[in-house]
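Asks:
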Amino acid sequence: MKLSREFYCRPTLEVARSLLGKVLVRRLRGKNLAGKIVETEAYVGKDDLACHASKGRTSRTVTMFEKGGCAYVYMIYGFYFCLNAVTEPEGYPAAVLIRAAEPLDHVSVMRRLRKNPDHDSNIASGPGKLCMAMAIDKTLNGRDLTSGTLWIEDRNLDVGRIETGPRVGVDYAGEYRDKPWRFYIKGNPHVSRVRWKG
DNA sequence: AGATGGATTTTC
DNA sequence: AAAATCCATCTC
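Mapping to numbering that gives the first Met the number 0: the first sequence position 189 is 188, numbers consecutive.
(1) So residue 69 and residue 85 are in contact, right, with Cβ under 8 Å, and what is the actual spacing, rounded?
(2) Would a C-beta distance cut-off of 9 Å place residue 148 and residue 1 closer than the cut-off?
(3) Starting from residue 6, follow the alpha helix (DSSP H) in both directions and report where the run begins and ends.
(4) Spatial neighbours of residue 30 within its chain, please: CB distance less than 7 Å, with the 5 preceding and 5 following residues excluded, ordered by chain position.
(5) Compare the Cα-Cα distances from residue 71 to each of 193, 142, 154 and report the closest residue.
(6) Of all the options 135, 10, 38, 32, which has the alpha carbon lying nearest to the alpha carbon of residue 158?
(7) Taking 9 Å as the cut-off, decide whether the C-beta atoms of residue 127 and residue 79 are in contact.
(8) Nearest to residue 192 by alpha carbon, out of 125, 67, 49, 14?
(9) Tell me which same chain residues have a C-beta within less than 6 Å of the C-beta of residue 187, skipping the five on either side of it?
(10) Using a threshold of 9 Å, state whether the C-beta atoms of residue 15 and residue 182 are closer than that.
(11) Which whole-angstrom value describes the C-beta separation of residue 99 and residue 123, a residue pair presumed to lie in contact below a C-beta threshold of 8 Å?
(12) Does residue 163 come out as helix, strand or coil in the three-state DSSP assignment?
(13) With distance defined between alpha-carbon atoms, name the residue in 4, 169, 111, 17 nearest to residue 155.
(14) Since residue 64 and residue 92 should fall inside the 8 Å C-beta cutoff, what is the C-beta to C-beta distance between them, to a whole number of angstroms?
(15) Excluding five sequence neighbours on each side, which residues of the same chain lie with their C-beta closer than 7 Å to the C-beta of residue 3?
(16) Along the beta strand (DSSP E) that carries residue 81, what are the first and last residues, could you check?
(17) Could you give the DSSP three-state label for residue 34: helix, strand or coil?
(18) How is residue 66 classed by DSSP in three states: helix, strand or coil?
Below, the structure written as structure tokens:
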């Protein structure tokens, strides 16, 4: 049911691609909120200037050095949280950012957590939105995704066609800016709208 | 449909 | 000071 430790302890680009179509589940007050993952990004090691761990092992990035299968949750822009699945063996700092999901189970609860958007494609179509919709915050940082109240499982859902492209919001990352390490399901309405700064 | 600015806190 | 974002509020 839940993805195994071995699933996460692989090369990060492979994990990022194979997480598409898997189901993110959050147990909250006796309900399993669930959504199909439709968009991910890979952040790969100390050399990757877009990866937080390029700054080395700090209090913020220590989770990225953990063994694959842990959750790396951080606050961004003072308002929002982002959820990552840590990848690769312990000591290699890398993770996959879960950017968007298609709500599947307890959609009404997720909609309410998101303050009732007009359309369901606005519930979890972005990393900050996804964390709001599933009540994910920093208290989950470092948790094990292979046990506990937050996990990813395989329901053998149809994945469709996978597209790749540059990661969002990493203009500062030099030669790593244009790496095609963003993965998403082509045509799925729950993929985030890409906007870059001007 | 696309651009701009504001909210707010962690990080180095 | 800038950030792996989101939203309201402009302008075309």
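Ideal Cβ placement from N, Cα and C applies to all residues, glycine included. In this text the structure is predicted, and so the values were computed from the model without any measurement.
Replies: Looking at the atomic coordinates:
(1) Here the question's residue 69 lines up with position 70 in the first sequence. Here the question's residue 85 lines up with position 86 in the first sequence. Contact flag correct, Cβ pair sits at about 4 Å.
(2) Walking along the first sequence from the start, residue 148 turns up at place 149. Walking along the first sequence from the start, residue 1 turns up at place 2. Contact flag unset, no.
(3) In the first sequence, residue 6 corresponds to position 7, counting from 1. Segment 4-7, the alpha helix (DSSP H) holding residue 6.
(4) Here residue 30 is taken as the residue at index 31 of the first sequence, counted from 1. Exclusion of the five residues before and after residue 30 leaves 105, 108 as the residues of its chain whose Cβ lies within less than 7 Å of its Cβ.
(5) Along the first sequence, one-based indexing puts residue 71 at 72. That would be 142, whose Cα lies nearest to the Cα of residue 71.
(6) Indexing the first sequence from 1 puts residue 158 at position 159. Selected option, being the one with the closest Cα: 38.
(7) Within the first sequence, residue 127 is the residue found at index 128, counting from 1. Within the first sequence, residue 79 is the residue found at index 80, counting from 1. Contact: yes.
(8) Within the first sequence, numbered from 1, the residue matching residue 192 stands at position 193. Each of 125, 67, 49, 14 was checked against the Cα of residue 192, and the nearest Cα belongs to 125.
(9) For this step, residue 187 is matched to residue 188 along the first sequence. If we look at residue 187 and ignore the five residues flanking it on each side, its Cβ neighbours are 37.
(10) If you number the first sequence from 1, residue 15 lands on position 16. If you number the first sequence from 1, residue 182 lands on position 183. Contact flag set, yes.
(11) One-based indexing of the first sequence puts residue 99 at position 100. One-based indexing of the first sequence puts residue 123 at position 124. So it is a contact: roughly 6 Å between Cβ atoms.
(12) The count along the first sequence starts at 1 and reaches residue 163 at position 164. Strand.
(13) Start at 1 with the first residue of the first sequence, and residue 155 comes out as number 156. Of 4, 169, 111, 17, the smallest CA-CA separation from residue 155 is found for 17.
(14) If you number the first sequence from 1, residue 64 lands on position 65. If you number the first sequence from 1, residue 92 lands on position 93. Their Cβ separation, rounded to whole angstroms, is 5 Å, which keeps residue 64 and residue 92 in contact under 8 Å.
(15) The sequence position of residue 3 within the first sequence is 4, counting from 1. Closer than 7 Å at the Cβ level, and outside the excluded window around residue 3, lie 145.
(16) Numbered from 1 along the first sequence, position 82 holds the residue referred to as residue 81. Judged by DSSP secondary structure, residue 81 falls within the beta strand (DSSP E) whose first and last residues are 79-85.
(17) The residue you call residue 34 lines up with position 35 of the first sequence. Looking at residue 34 - three-state DSSP - the assignment turns out to be strand.
(18) Residue 66 sits at position 67 when you count from the first residue of the first sequence. Looking at residue 66 - three-state DSSP - the assignment turns out to be coil, as it is neither helix nor strand.
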